[in-house]
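With positions in the sequence shown counted from 1, the corresponding number in my numbering is that position plus 250.
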Amino acid sequence: MPFFNPYRRSYISDPYPSLHRLRDEASVFRSPEFQAWIVTTHDDCADVLRDHQRFSSSPLDSEGEVATQLQKQSDQVSTGEARALVRMDPPEHTRVRQSLNRAFTPRAVAGLRPFIERTVGELLDRAERGQPFELMAGLTEPLPVAVVMEMMRVPAEDRGRLTEWATAIQRGRVDTERDPEMLAAAQAGQEELTEYFTDALNDPGSLHPEGLLAALPQAEALTPAERIKTALDVAMGGNNSTAFMLGNGVLALIAHKDQAEELRSHPELLPGAVDEMLRFDSPNQIIMRFATADTTLGGKDVATGDAIFLLVGAANRDPAQFPSPDRFDVRRENPHRHLSFGRGPHYCMGMPLLREQANAAIKGVLERFDELRFGGGGLVRGGTLSFRGPKRLSIAGPA
Ligand code: HEM
């Protein structure tokens, strides 16, 4: 029986040998510890993600430890009955998702490019010659928060406090040590942000007409609680993933100097390299689903309500999909087939926004740091069961 233990130290530092072993032993198996089915091949994971009728995103009607935990997490936000978009199923999901489409069109996102490039420049300007630079606190955490506030056109005078709340939430979410102070700050940030969005959405005249928030009061398909929850989803939804994606990407470049050089000499490879970074070391390692009926998956009998963990990290290194999967190769032909953004109806809405940020940030880092290597503070891993990335990553300062 394959044994899945993502809390082992060796797994946290490098899960990929274990993930290969699990996939070799069984593409689908039941973990008694997690009371969940573990799915490790690219094909099986993609099939489950596409099939929302057999596999629900909502844990509410299922049993088991994991489902209860998940339900508790989504209840942390005091917005009445509203559920997070990622935990809904069609047709409810389609109705809420449509209200956000306008904000994430490629055109709307491309309009943010000058802001993103300027913000990356300003953050990297703080790196001092010859001094180690803390990449997470200095670049990867503040960038997505600044970008999402710009997307929402939050008034300039409110951005300072919103940044504080969003950063507290962001850090609390992925703090493995469960530091009580950090968790209390995250909870307080969550409450403040909820109150802020509640007030803003109750006074539509105060909202910038081009901001994402302005569309929400008019979204008649949404209940008032759903509008607030949606504002929170968008404000916080992608921040941890973006920060970890950039951290993991820079780690891959530090570990593969030849690939960093290749990218420096051929900047046109950058968009594909961003996908390769997402494939090679995904910030999102587990996507969950719940069986809606008795069914089979990978030849195993799955019962109604059973929890299913799709191991994205295993799917992204499946040799049936990616030849030599453990090689980090900025010229790989099909890196975009990774499952880091999911698949099917819940496919990540922030994907174009992430691409803009990653292109600007990785380009900025390669331009400013002529030799990428660890600085004095080295690497401290953060993350949770489903998120993987650095908590702190110190790189040697520019020459
Ligand atoms: C590296 C960065 C990111 C990664 C790896 C990522 C990953 C994902 C994944 C895996 C899902 C689907 C979850 C599921 O199927 O259950 C998702 C959904 C979503 N993401 Fe992202 N995300 C990233 C960045 C962002 C950003 C920057 C935003 C927006 C500001 C964002 C907004 C969303 C939203 C709104 C959904 C819900 C879509 C739905 O349920 O229909 N994401 N993301």
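Just so it is clear, CB atoms sit at the ideal spot from N, CA and C, and this is done for glycine as well. Just so you know, these numbers come straight off a predicted model, no measurement behind them.
In this structure ALA416 touches ALA485 by the C-beta definition: roughly 7 angstroms separates them, less than 8 angstroms. Contact between LYS641 and MET432 does not hold, since the beta-carbon distance rounds to 11 angstroms and is not under 8 angstroms. The C-alpha of LEU519 lies about 19 angstroms from the C-alpha of SER590. Considering only GLY625, GLY626, LYS613, LEU622, the residue with the shortest C-alpha distance to GLU367 is LYS613. For VAL404, there is no enclosing beta strand (DSSP E), as DSSP marks it with neither H nor E.
CA-to-CA, the gap between HIS506 and LEU622 works out to about 10 angstroms.
In the DSSP assignment, ALA286 falls outside any alpha helix (DSSP H) and within the unbroken beta strand (DSSP E) covering 286–289. Collapsing the DSSP output to three states places ARG587 in a helix.
Excluding residues up to 5 positions away in sequence, VAL298, PHE305, ILE558 lie with their Cβ nearer than 6 angstroms to the Cβ of ARG539 in the same chain.
Taking the Cα positions, ASP449 is about 45 angstroms away from THR545. For ASP453, the closest of LEU466, GLU441, GLU442 by C-alpha to C-alpha distance is LEU466.
Distance from the Cα of PRO585 is smallest, within the candidate group ALA565, PHE365, CYS598, for ALA565.
For PHE253, the number of other beta carbons within 10 angstroms of its own is below 16, and it is reported as exposed.
In this structure, VAL346 and LEU362 do not form a Cβ contact; the two beta carbons are roughly 23 angstroms apart against a cut-off of 8 angstroms.
Per DSSP, the unbroken beta strand (DSSP E) holding LEU629 starts and ends at 624–631. Rounded to whole angstroms, the Cβ separation of THR390 and ALA493 is 4 angstroms, and the two are in contact under 8 angstroms. At least one heavy atom of ligand 1 is found less than 7 angstroms from the C-beta of ASN534. The count of Cβ pairs closer than 8 angstroms, one atom from the stretch 498–514 and one from the stretch 420–427, stays below three, leaving the stretches out of contact.
The alpha-carbon separation between PRO602 and GLY549 amounts to approximately 36 angstroms.
In the three-state reduction of the DSSP assignment, THR634 falls in the coil class.
Nearest neighbour of LEU443 by Cα position, chosen from PRO533, LEU482, GLY522, turns out to be LEU482. Distance check between PHE578 and each of ILE504, MET402, HIS458, GLN381 places ILE504 closest, using alpha-carbon atoms only. Under the three-state reduction of DSSP, THR355 is assigned to coil, being neither helix nor strand. Between ligand 1 and LEU604, a heavy atom-to-CB distance of less than 7 angstroms is present.
Each of ALA434, GLU460, MET402, VAL630 was checked against the Cα of TYR446, and the nearest Cα belongs to MET402. Under the three-state reduction of DSSP, PHE365 is assigned to helix. With fewer than 16 other Cβ atoms inside 10 Å of its own Cβ, HIS458 counts as exposed. Relative to ligand 1, the nearest heavy atom lies less than 7 angstroms away from the CB of HIS596. The residues PHE559, LEU560, LEU561, VAL562, LEU635, SER636, in chain order, have a CB closer than 7 angstroms to that of ILE536 in the same chain once the five nearest residues on each side in sequence are set aside.
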